[in-house]
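Protein chains in written order, with UniProt numbering: chain A, 1 to 667; chain B, 1 to 667.
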């Protein structure tokens, strides 16, 4: 029923203003029901069982199967048009996947062929289980970096290569297990705690670290530091200047410039996506030919060397579930799992928003987790949806996850037949490819935007960045997450309180400081608390309200014309913005009321006699707050109609009229 | 200026309802000014420098000295009347302090005389520096328990008594350092994170643990477990039944009953406080006489044995700042420091509220910290304001901190002359005294109150209690604090969203579910978000609002009479309860607006053409939120007058009138 304007106009404003609504407690809900609702909101906010409502049983089975294996949903409607688009995009990302796979595996201190293995099996698993149409799956730079660095702290990849490989596969297994568990237990909201600012700072820092590591191959240095931080790397670079090889530097520089140019071209004109997509593979081919032609491997340019051939060997016998390295493996799995999950989910959501379809976060986690679990048994290491590769996939016109299948097939062909071709590929070109790939992770416009909107977020971002560069990747991330949570807790522990005033000519009350036309009402102190009231802030609120009262009294004294009946008589607390209250909060209200009584606000004896219960009044408590006040009522006597009001206007009008009535009785 | 009723009555309600106020950004404040305000609110919420304003320089020096040494404030006005009250209360708490000091020192595995040392120097320090008039300072049960148990994990008090004592003093030093630092750095709000529910559960658990430890002396067992948990203690008790000594049990039982009876009497009639205050000392004297008379120490009752005499020897040479135990000492100091600080501050605040004077939390922390630092150099271990002793002090009529001085003097006399009297005091009586003292820490009525008001708080309390009993004291506390913070984060990550409806006959909009008389407005979906919008909940809010929209459409379909122009046309978000927003929140608003456009709400072509900017409207953003929206305006175009409204009523009225106007143009 629309609010009927005519029914209002017949009543005078005074009548409407004087109307006092009863503030009622919300309808009673049993604790069990509330618990069920809370669990549902926490773990199933997207209500995945919606679609099952009111369907016949056979359809429910079908919907269930389609829910678990999304390929059953889009598979049957697949046609040639889609296939054409997918072939193009599949081949495009394959041309990226091959050089990147080899490069990233070296970044993780693993044999280069493991990178190609990881571009074969995981995309196939994802195509069956995943929900995103644009996600291109494979090894990624940051997870490779973290895996390599964390394992290298305890095991040397050069002295114990077999053990290192075993630990890498075991870490992948645990990463997958952790990711799938998060998805099963619907705990996906945990990755929400990595705020966008944190991620921007973190990824930029990681990009710098990865680039610094490439200085080894770009300069041709043999003796390089094991550490990752900026300072050790730079000192290693400048202490070993005699190891710099001019041939390597020349080749690296040329190819780096070439790759960065092609990237720039594709950024300017997205239609020329194939330029930057094909450039890495072209560089690999070109540089291999150069090295082969000039026999440059004997002239100071290091090459990959002979690689194995063939498809992924099974590796479940390599997984280690016991022994002294179990702690290391679990910790590495956890960190790489969380980072790669965050990237994969963020990429999936970004493209889903662009193309306006839904991606179920928890389901994606299960898909990525299973992908890693299966991969760990087929010689693959940690993989996820990579941002740059998915962007190319998207720009190349991918329509479904079949592009991942096409890519996997191409990689399979490479593994079976084309491996000897990489024998003469120089490491320097792989370094240049990695640097070009991670440069895109440094997002300066976004950082500037954050600086403009929220300085604290900017500081968090800077701390993540500096922590990663100077301390370590894991600790930089932990510091950033800690700062985010601390910010949230700080906002709670120091809530804002504002004084409200009346907007003249209306019954609206707003923040005096914000709206200049609002005016104070003499004798009334109207405060609004803008946060939940809980154990973390009741002490502060007590202090703050005492200060408000003292400030009010001071200002009254400073006024030149002492008015009749002036002085602070009533304190009204607007609880519209108080979203929750706990037992400490209820005590706080009770103690505040008692303290005001004892302070003896400057009411006349008449008023004191009339308002002997309270000089404190509450306005508009929301449902949950109301319930707690009601339950405390037996000891605190909160539910009186002259204590709780629906709006500030009603409270002021009621109190003023009652006081006038009393005074007139006594004149 | 009071809202003038007459100026309203002359205007019709329609005129007033149609008035649309411009939502303005708050006045600009520089970042520096905002940072200063935020720092001030965070660290100086009680504005301690208030009193210094506008005073001549000499007075400022005096006020400053009085601020640092409160004794200079109340000292000069001290008189005989106050002294009379303080003598009585001082002697009363001394009679408690002597037996408790000996008992608690044994609880901490320290020589009994250290407990008396700790009742001599610390109260003197507190009398000079402290602000509370009722706090009675000395060793406390829980801190003694924690100190003893944490140090005993690594060092045996029986085999290495000198080392144990050194570590205890060093821990006391670090505890005091930590406490004073918290006070200096104004980080006092950290202890606010120990919510009342947590503390009740924790103290009850600690009381049980302490009582279980006393079973050793109450039953006369020699071989007792080193562990603290319920299970090890019980198995130790029932495995060593042949060590139970009937004489000890008999004596222990009698005195325990006597002490509990006196405690009960004093609880019923607070005027008989001296009964329970004097009972421990009376028990000590009586039992010493009994043992001496019957030569009971040869009959199975263990006694304290010969104690040293004399005042506190200096112990700064015993403090250890290096070596392998440094980590243990720092950790123990931290935990005991936090716990004793919490108790001391809570006690001080409780009695200050009762007697209506102010206690500066941070200043108290400095006082307690310095007390412990000085104590560690004078053979005292961790002390603080004890709850039971302060209650006795208060009931006995203490007027100032001089009662602490009187107590210290009495203890001094005891140390100098009366120590030989304790030679025959049986340990079982000390155990009975401890049990009686900690029984008061179990607060069942408060626990029941928590159960009634907030079930989650009750679970936190229960976890603290069970954690302390079954795992360990430190870990039980850590679990409870973690649960508190998790609850706060969970509330933020799953904020409440409610649908608002119009209260008929007014322009007030309230929660439909809470106020049964509120009605929906067809074509409008009015939501209120009841929490800050930040990185932790934007994903959830996106899902939730999509669900609200789908639910709305489903309900519309189910209605029997399809109305003309029905269907969801506008989404109004009421931001009154959104206390803060960050960069993720700003992105959320932007993306929501775009998503609504793409969803194509069921507006007619006319409406779509008119509202081509947005189907989303925001109401009443608070100052800080408004600022962030404004700063994002260049890219997002938020500051349009037809996007932001001051109240829900204004938004609805504006939109309805504009639509009607448009439609009438096209009819």
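Yeah, the Cβ is synthetic: ideal placement off N, Cα and C, and Gly gets one too.
Within the stretch 421–467 of chain B, ranges of the alpha helix (DSSP H) (whole runs, at least 4 residues): 427–439, 444–453
Give the range of the beta strand (DSSP E) segment to which residue 619/A is assigned. 616–619
Contacts that residue 40/A makes with chain B (C-beta to C-beta distance below 8 Å): Per Cβ cutoff of 8 Å: no residues; residue 40/A is ~10 Å from chain B at best.
Counting contacts by CB-CB distance shorter than 7 Å, is residue 263/B in contact with chain A? no
At the 7 Å Cβ level, is residue 514/A part of the contact set with chain B, yes or no? yes
Would you please verify whether the beta carbon of residue 457/B is less than 7 Å from any beta carbon of chain A? yes
Chain-ordered chain A contacts of residue 668/B [CB-CB under 7 Å]: Since the first residue of chain B shown is 1 and the last is 667, residue 668/B is not available in this structure.
Cβ of residue 633/B within 7 Å of any chain A Cβ: Taking Cβ atoms only, chain A never reaches closer than 7 Å to residue 633/B, which makes this a no.
Could you tell me whether the Cβ of residue 494/A comes closer than 7 Å to any Cβ of chain B? yes
Coarse secondary structure for residue 362/B, derived from DSSP in three states: Helix, per DSSP.
7 Å is my cut-off, CB to CB: does residue 623/B come that close to chain A? True, the Cβ-Cβ gap to chain A drops below 7 Å.
Inspect the beta-carbon positions of residue 205/B and residue 469/B and report whether they are closer than 7 Å. yes
Kindly indicate which three-state DSSP category residue 593/A falls into: helix, strand or coil? helix
Please classify residue 79/B: is it buried, with 16 or more other beta-carbons within 10 angstroms of its beta-carbon, or exposed? exposed
Between the alpha carbons of residue 427/A and residue 303/A, how many angstroms are there, rounded? Straight through space, the alpha carbons of residue 303/A and residue 427/A are spaced by roughly 5 Å.
Counting along the chain, where does the beta strand (DSSP E) carrying residue 511/A start and finish? 509–511 is the span of the beta strand (DSSP E), which, as asked, contains residue 511/A.
Flag this pair as yes or no: are the beta carbons of residue 393/B and residue 89/B separated by less than 7 Å? When the beta-carbon positions are compared, residue 393/B and residue 89/B come within less than 7 Å of each other.
Rounded to whole angstroms, what's the CA-CA distance from residue 243/A to residue 221/A? Just pull it up for me. 5 Å
Candidates 98/A, 352/A, 493/A: which alpha carbon is nearest residue 138/A's? Distances from the CA of residue 138/A to each of 98/A, 352/A, 493/A were compared; the closest alpha carbon is that of 98/A.
Inspect the beta-carbon positions of residue 367/B and residue 130/B and report whether they are closer than 7 Å. yes
Evaluate residue 286/A with the Cβ neighbour count: other Cβ atoms within 10 Å of its Cβ, from every protein chain shown; 16 or more gives buried, anything less gives exposed. exposed
Under 7 Å between C-beta atoms, does residue 586/B make it to chain A? yes
Is residue 307/A helix, strand or coil when you go by DSSP? coil
Ignore the nearest five residues each way along the sequence and tell me which others in residue 419/A's own chain have a CB closer than 6 Å to its CB. 307, 309
Could you pull the start and end residues of the alpha helix (DSSP H) that residue 248/B belongs to? Residues 246–268.
Among the residues of its own chain, which have a CB less than 7 Å from the CB of residue 28/A, if the five just before and after it don't count? none
Start and end residues, beta strand (DSSP E) containing residue 42/A: Element bounds for residue 42/A: not the beta strand (DSSP E) but the alpha helix (DSSP H), 31–43.
Verify the CB distance criterion: does residue 536/B have a CB-CB separation below 7 Å to chain A? yes
Please report the straight-line C-alpha distance between residue 463/B and residue 484/A, rounded to a whole angstrom. 26 Å
Looking at residue 297/B: is its Cβ nearer than 7 Å to the Cβ of residue 247/B? It is not a contact, given that the beta carbons lie outside the stated cut-off.
Please report the residue range of the alpha helix (DSSP H) in which residue 211/A lies. 196–219
Given a cut-off of 7 Å on the beta-carbon distance, is the pair residue 359/A and residue 167/A in contact? no
Neighbour flag for residue 577/B against chain A, beta carbons, 7 Å: Judged by the 7 Å Cβ criterion, residue 577/B is in contact with chain A.
Euclidean distance between Cα positions of residue 539/B and residue 321/A: 36 Å
Could you tell me whether any Cβ in chain A is nearer than 7 Å to the Cβ of residue 491/B? yes
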